[in-house]
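Below you'll find the structure, written out as structure tokens, and then a few comments.
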Amino acid sequence: MFKLPRPDTIWLKSWRDLWSQRGRSLLVILSIAVSTFTLGVILNTYSILSREMNESFMRANPAALTINMAEPFENRLLEAVKKHPEVKMADTRMLVSGQIQNVRGDKFPLLLFVIRDFDDIQMDKLNPGEGSWPPLAGQLLVEQQALTVLKGAIGELVQLSDTKGVKGRLEIVGTTHDVMQAQADWEKVVYAYVSLETYINMGGVAHFEQLKLSLRETNLSHSNVENRALAIGGWLNSEGFQYRNIVVPEPGKHPHANITNGMFMIQKVFASLVCLLSAVLVFNLNSAILHKHKIQIGIMKTLGAQPNDIRKIYYRAVLTLGVVGMLLSVVPSYWVAKYYADILATMMNIDILDYRVPYWVTLIQLISGLIIPLLAASIPIYQAAKKDIRETLLEFGASDLEMKESWIQRQFFALSILPSATRLVLRNVFRRKARFFLSCAVVSIGGAVLISSYNLSKSMHEVVESVRSSKQWDLALRFTNGYASQEIIDSFGGIEGIKSVETFMQSSAVIIDSKKIIPATLSLIELSPYSNSLRLTQLKGEWLNPESNGIVISQLVAEQYPLLTIGNTVTVKYRGSAKDFVLQGVVEVIGVATMFINASDVKQANAVYVKAENPEDSAELKKQMEIVAGQTGIHIFQITTIDAAVDVIDGHFNIIFSLMMLLTLIIFFISGSGIILAISTNITERTRELGVLRAIGASSQHLVGMLVTEGVAMALFSWSVACLLCLPISYLIAHFLGILLFQSPFPLVLDGPIFITSLPIIIVLCIGSAIIPAQMLSRQSVREALIYE
Amino acid sequence: MNNIINLQGISKTYKSESRLISVLKPMDLTIQSGEFVSIFGKSGSGKSTLLNIMSGIDSCSSGRVIVNSTDISHLKAGALDAWRGRNIGLVFQFFQLIPTLTVLENIMLPMDFCKTIAAKQRRTRARALLGKVGLVDKENKFPAILSGGEKQRVAIARSLANDAPIILADEPTGNLDSKTAMRIFALFEELNRQGKTVIIVSHDPCTRDYAQRTVTITDGEIVSALPVREGNSYV
Numbered sequence: 000m001f002k003l004p005r006p007d008t009i010w011l012k013s014w015r016d017l018w019s020q021r022g023r024s025l026l027v028i029l030s031i032a033v034s035t036f037t038l039g040v041i042l043n044t045y046s047i048l049s050r051e052m053n054e055s056f057m058r059a060n061p062a063a064l065t066i067n068m069a070e071p072f073e074n075r076l077l078e079a080v081k082k083h084p085e086v087k088m089a090d091t092r093m094l095v096s097g098q099i100q101n102v103r104g105d106k107f108p109l110l111l112f113v114i115r116d117f118d119d120i121q122m123d124k125l126n127p128g129e130g131s132w133p134p135l136a137g138q139l140l141v142e143q144q145a146l147t148v149l150k151g152a153i154g155e156l157v158q159l160s161d162t163k164g165v166k167g168r169l170e171i172v173g174t175t176h177d178v179m180q181a182q183a184d185w186e187k188v189v190y191a192y193v194s195l196e197t198y199i200n201m202g203g204v205a206h207f208e209q210l211k212l213s214l215r216e217t218n219l220s221h222s223n224v225e226n227r228a229l230a231i232g233g234w235l236n237s238e239g240f241q242y243r244n245i246v247v248p249e250p251g252k253h254p255h256a257n258i259t260n261g262m263f264m265i266q267k268v269f270a271s272l273v274c275l276l277s278a279v280l281v282f283n284l285n286s287a288i289l290h291k292h293k294i295q296i297g298i299m300k301t302l303g304a305q306p307n308d309i310r311k312i313y314y315r316a317v318l319t320l321g322v323v324g325m326l327l328s329v330v331p332s333y334w335v336a337k338y339y340a341d342i343l344a345t346m347m348n349i350d351i352l353d354y355r356v357p358y359w360v361t362l363i364q365l366i367s368g369l370i371i372p373l374l375a376a377s378i379p380i381y382q383a384a385k386k387d388i389r390e391t392l393l394e395f396g397a398s399d400l401e402m403k404e405s406w407i408q409r410q411f412f413a414l415s416i417l418p419s420a421t422r423l424v425l426r427n428v429f430r431r432k433a434r435f436f437l438s439c440a441v442v443s444i445g446g447a448v449l450i451s452s453y454n455l456s457k458s459m460h461e462v463v464e465s466v467r468s469s470k471q472w473d474l475a476l477r478f479t480n481g482y483a484s485q486e487i488i489d490s491f492g493g494i495e496g497i498k499s500v501e502t503f504m505q506s507s508a509v510i511i512d513s514k515k516i517i518p519a520t521l522s523l524i525e526l527s528p529y530s531n532s533l534r535l536t537q538l539k540g541e542w543l544n545p546e547s548n549g550i551v552i553s554q555l556v557a558e559q560y561p562l563l564t565i566g567n568t569v570t571v572k573y574r575g576s577a578k579d580f581v582l583q584g585v586v587e588v589i590g591v592a593t594m595f596i597n598a599s600d601v602k603q604a605n606a607v608y609v610k611a612e613n614p615e616d617s618a619e620l621k622k623q624m625e626i627v628a629g630q631t632g633i634h635i636f637q638i639t640t641i642d643a644a645v646d647v648i649d650g651h652f653n654i655i656f657s658l659m660m661l662l663t664l665i666i667f668f669i670s671g672s673g674i675i676l677a678i679s680t681n682i683t684e685r686t687r688e689l690g691v692l693r694a695i696g697a698s699s700q701h702l703v704g705m706l707v708t709e710g711v712a713m714a715l716f717s718w719s720v721a722c723l724l725c726l727p728i729s730y731l732i733a734h735f736l737g738i739l740l741f742q743s744p745f746p747l748v749l750d751g752p753i754f755i756t757s758l759p760i761i762i763v764l765c766i767g768s769a770i771i772p773a774q775m776l777s778r779q780s781v782r783e784a785l786i787y788e
Numbered sequence: 000m001n002n003i004i005n006l007q008g009i010s011k012t013y014k015s016e017s018r019l020i021s022v023l024k025p026m027d028l029t030i031q032s033g034e035f036v037s038i039f040g041k042s043g044s045g046k047s048t049l050l051n052i053m054s055g056i057d058s059c060s061s062g063r064v065i066v067n068s069t070d071i072s073h074l075k076a077g078a079l080d081a082w083r084g085r086n087i088g089l090v091f092q093f094f095q096l097i098p099t100l101t102v103l104e105n106i107m108l109p110m111d112f113c114k115t116i117a118a119k120q121r122r123t124r125a126r127a128l129l130g131k132v133g134l135v136d137k138e139n140k141f142p143a144i145l146s147g148g149e150k151q152r153v154a155i156a157r158s159l160a161n162d163a164p165i166i167l168a169d170e171p172t173g174n175l176d177s178k179t180a181m182r183i184f185a186l187f188e189e190l191n192r193q194g195k196t197v198i199i200v201s202h203d204p205c206t207r208d209y210a211q212r213t214v215t216i217t218d219g220e221i222v223s224a225l226p227v228r229e230g231n232s233y234v
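Now the structure itself:
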């Protein structure tokens with residue numbers, strides 16, 4: 000029968016040493032487990048998601064470029080483009096906006112995709128979901144997540160109407176997954192898919208305006224694809240087909256890839272911090288064990304142990320802690336990561352087909368769970384192992400050396416106002432300076448992250464409030480077409496409860512710039528220079544002047560055109576023609592890269608800002624406006640209340656804050672373990688000394704009081720450092736997140752109350768850490784305490 | 000008999016802030032293989048320092064220390080630890096057993112460190128040594144539950160683990176009652192009879208009853224190093 004080899008006494012000593020300190024060992028194991036678990040969840044999720052996001056995207060065979068033609072085209076153009084030597088594949092689909100009404104009569108914005116042939120989709124492929132595929136005449140598919148927005152179900156009938164006045168009643172026969180679209184729930188838009196036949200049956204006319212192309216070119220760098228796209232655009236022009244614009248996305252990269260990487264970067268930094276903190280715990284535990292084993296090490300050396308044998312004992316102990324920690328964390332971290340990846344995949348509207356993780360994830364977990372603790376333990380282990388046998392056994396004057404005080408400490412303790420017991424407490428706090436500062440560092444980091452999380456929340460709240468205050472309207476309507484401004488004002492201005500109606504024109508535009516091969520599409524808003532509906536923060540220059548031909552750009556546009564300065568001429572192509580403007584200012588707009596020009600000569604508008612007499616009536620006004628729109632033939636694409644517009648941003652921020660709080664709790668757990676470990680070690684190391692104090696008259700209450708005072712002193716020190724440390728942390732997170740989400744840093748806002756409330760939290764943590772070992776000690780008899788080794 | 004310990008002109012001084020403290024004045028001492036020597040003196044006389052110098056735990060300020068044909072004054076720390084494990088069995092006043100190892104494991108520990116005994120034989124040897132000190136039934140016990148005398152017997156068994164030719168004991172009975180102390184001395188006597196060189200540092204005059212020679216130290220100087228016993232009578 001197979002027999003396990005018996006471990007040698009060196010292994011046994013390693014394990015029994017841990018067992019003799021089982022409470023503390025357990026804390027360290029849990030810290031290692033929690034840190035490697037956190038790191039594992041984040042890295043596993045990241046590795047699954049980053050791979051699957053791009054693969055899911057690539058499975059849809061995304062078009063290398065999209066050309067939006069100026070006029071609708073027929074099949075003849077598509078066939079001609081397919082034969083172009085640069086083009087590998089060409090496809091087209093119609094996209095119309097409109098409204099969709101569910102069986103309960105609720106209306107939602109609609110983006111309707113008209114597909115030529117569901118069985119021959121070349122690019123931007125759709126994956127069949129539940130129900131039937133393909134939809135037949137009179138049927139439609141809804142994007143799988145959009146079904147929730149619609150509050151509908153397969154088999155239900157819905158009413159559709161589009162910008163061209165095409166209407167129809169169709170049956171939802173199934174769902175599809177369209178990876179190319181953002182999550183419908185976040186956009187609050189319903190994506191639906193019908194065949195060309197269905198659209199024509201509804202009274203629509205086939206008018207394809209969009210060409211989707213993939214290229215034969217193998218070098219798919221962004222600039223190369225842009226050059227190829229421009230060449231094809233030139234060829235189209237030479238063939239007599241005009242295009243509005245060309246869109247070239249980052250080749251092979253999911254549109255959300257950058258933001259996902261950024262979000263994971265923050266999480267990875269937090270997870271690394273957690274690992275670092277748990278390494279500090281390992282350092283502290285080892286320092287404590289090695290200090291206690293000072294004489295044992297000397298004895299072992301007298302028995303023939305060489306420094307390497309001593310190192311072996313303590314390294315094996317750390318290895319054991321690490322292995323147990325890893326065993327507890329590696330597999331669970333993978334399972335939780337799968338769950339987390341599923342949630343994020345839903346948020347990003349991608350499918351995960353493969354949950355395998357690359358070997359480097361496990362390797363990094365191994366490094367964080369085994370190598371980092373071993374490295375952290377190396378300093379005390381090397382110091383202890385190399386110690387001369389005479390130092391460990393004979394200890395000439397060692398105790399005196401330990402209590403050397405700095406000049407500042409001497410002056411401080413010389414103050415006669417301090418009672419002797421308090422002086423003793425404070426001396427004990429600084430007795431092991433390295434351990435004290437490391438323990439305080441752990442708590443300070445935990446405290447700083449806690450305060451920073453609330454500061455960030457405050458910063459994000461400020462951004463939300465700034466968005467709210469920049470929008471001085473209660474309802475915003477977008478129409479499917481342009482209407483005469485006066486007609487819009489006449490239609491809606493008369494509704495009771497509406498204070499003012501301000502029309503504007505919103506369209507897509509590009510800045511003509513010779514340095515940009517293909518300029519990015521921007522949003523252009525033509526509105527009155529006297530507009531009261533927007534109150535944007537002016538970052539540079541001034542707002543639109545009614546007398547001048549000025550343009551004001553948002554900071555997101557300024558970032559794309561960094562050479563633009565106030566007073567420069569900007570050529571903007573919009574609504575089919577190019578026009579020069581003088582740059583007058585830069586304003587802050589959260590979310591979309593936007594430009595503003597005077598609307599003095601615009602008689603048409605496709606959007607409107609509405610101010611209500613009473614903002615609380617917004618929901619009622621929304622219904623009234625829908626009725627009026629129906630009566631006057633104005634097609635509304637979307638009605639947004641200010642609360643809904645702000646809630647979208649707020650909802651995103653709440654997710655970020657929840658994630659931050661989760662990571663903060665994990666860091667706080669490690670910090671808490673660290674302080675429990677440090678204080679309990681400090682106390683048990685002084686068992687004999689505390690026994691002496693009791694022998695000379697100190698009561699158990701005195702001792703507990705002294706130890707609690709020590710905890711408070713550590714808490715005050717840690718809190719002070721945390722308050723300072725949170726400032727750069729808060730600034731960095733706010734700056735990074737702001738740039739990542741809105742290309743504009745969030746302001747650094749300090750949350751006053753959390754600075755105050757974090758103090759009792761840290762004090763309770765430190766006192767709680769002190770009270771358990773203090774009470775255990777107070778239960779010990781004086782004799783036991785005096786003979787403690 | 001050959002000289003197993005040869006101390007040539009050794010001295011020991013400590014530096015304390017502003018002054019030098021002389022613990023051992025220059026001295027010579029030779030101990031022959033198989034001798035049972037007692038180093039006797041009052042507390043603070045320098046006898047433990049002398050023992051520590053013999054074992055290499057402490058270094059001398061001047062002179063040479065030749066033990067079992069090795070000049071240990073020139074050995075580096077790591078080599079000295081390994082050499083000590085093979086050549087010297089140490090017994091301490093406070094027993095110094097490893098509290099987290101059982102009695103048997105405590106005895107096996109030096110063998111695991113020095114690897115002088117084949118791994119498979121270590122357990123058997125440890126049991127045999129326990130038998131020698133009469134504690135076979137305690138092999139799986141932890142030191143904490145043993146009496147002082149039992150702990151010291153385990154410590155003696157441990158000192159024999161690597162079959163070192165020299166046993167150095169520093170106040171081995173200092174923490175024991177007189178009856179137990181006698182048993183421990185008897186054990187040392189028995190080991191000496193079996194060929195071990197035994198050197199015991201003590202301020203207990205009883206030590207002289209068992210030793211073949213007593214080296215008396217006063218204020219860091221050897222005042223007497225002659226054989227004091229012939230048969231059972233003192234000269």
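Protein sequence lines correspond, in order, to chains A and B. Following numbering that gives the first Met the number 0, the numbering of the first sequence begins with 0 at its first residue and continues without gaps. Following numbering that gives the first Met the number 0, the numbering of the second sequence begins with 0 at its first residue and continues without gaps. The beta carbon of each residue, even a glycine, is placed where N, CA and C say it ideally should be.
A:Gly-303 belongs to the set of residues whose beta carbon lies under 9 Å from a beta carbon in chain B.
Close partners of A:Arg-389 in chain B (Cβ separation under 8 Å): Asn-51, Ile-56, Asp-57, Ser-58.
In this structure, A:Val-591 is the residue among A:Val-441, A:Val-591, A:Asn-257 with its C-alpha nearest to the C-alpha of A:Ser-743. By the CB criterion at 9 Å, A:Ser-506 and A:Ser-522 fall inside the cutoff.
Shown here, A:Asn-223 sits in a helix according to DSSP, grouped into three states.
Within chain A, no residue has its beta carbon less than 7 Å from that of B:Leu-19; the closest one is some 14 Å off.
Fully enclosed beta strand (DSSP E) runs of no fewer than 3 residues occupy 196 to 201, 212 to 217 of the segment 167 to 217 of chain B, in order along the chain. Counting along the chain, A:Gln-182 sits inside no beta strand (DSSP E), nor does DSSP assign it H or E at all.
Residue pairing of A:Leu-474 in beta bridges, as defined by DSSP: A:Val-609, A:Thr-640. Across the set A:Thr-91, A:Leu-111, A:Thr-686, A:Gly-128, the C-alpha of A:Thr-91 shows the shortest separation from the C-alpha of A:Asp-119. Between the C-alpha atoms of B:Ile-183 and B:Thr-172 there is a straight-line separation of about 7 Å. Here A:Gln-98 carries a strand assignment [DSSP, helix/strand/coil]. Counted as a single uninterrupted DSSP element, the alpha helix (DSSP H) harbouring A:Tyr-333 occupies residues 306 to 347. When the Cα atoms are used, A:Arg-467 and A:Leu-210 turn out to be separated by approximately 38 Å.
Interface flag for A:Met-775 against chain B is unset, since no Cβ pair is found closer than 9 Å. The Cβ atoms of A:Val-442 and A:Ala-183 do not sit closer than 9 Å to each other.
In this structure, the CA atom of A:Ser-367 is about 50 Å from the CA atom of A:Asn-244. Across the structure, A:Glu-612 and A:Asp-642 are spaced so that their CA atoms are roughly 16 Å apart. DSSP places A:Glu-688 in the helix class (H, G or I) of the three-state scheme. For the set A:Arg-534, A:Ser-458, A:Ala-433, the Cα lying nearest the Cα of A:Gln-471 is the one of A:Arg-534. For B:Arg-157, at least one C-beta of chain A is nearer than 9 Å to its own C-beta. Comparing alpha-carbon positions, the option among A:Leu-343, A:Ala-383, A:Ile-378 lying closest to A:His-290 turns out to be A:Ala-383. Residue environment for A:Val-330: exposed (fewer than 16 other C-beta atoms within 10 angstroms of its C-beta). Taking 7 Å as the upper bound on Cβ-Cβ separation, chain A lies near no residue of the segment 173 to 204 of chain B.
Taking a 10 Å sphere around the C-beta of A:Lys-432, we find fewer than 16 other C-beta atoms and assign the residue as exposed. Counting only runs of 3 or more residues that sit fully inside the segment 484 to 530 of chain A, the beta strand (DSSP E) segments are 497 to 510, 521 to 526, in chain order. The Cβ of A:Gln-144 sits no closer than 9 Å to any Cβ of chain B. Taking a Cβ-Cβ threshold of 7 Å, the residues of chain B close to A:Lys-300 are Asp-80, in chain order.
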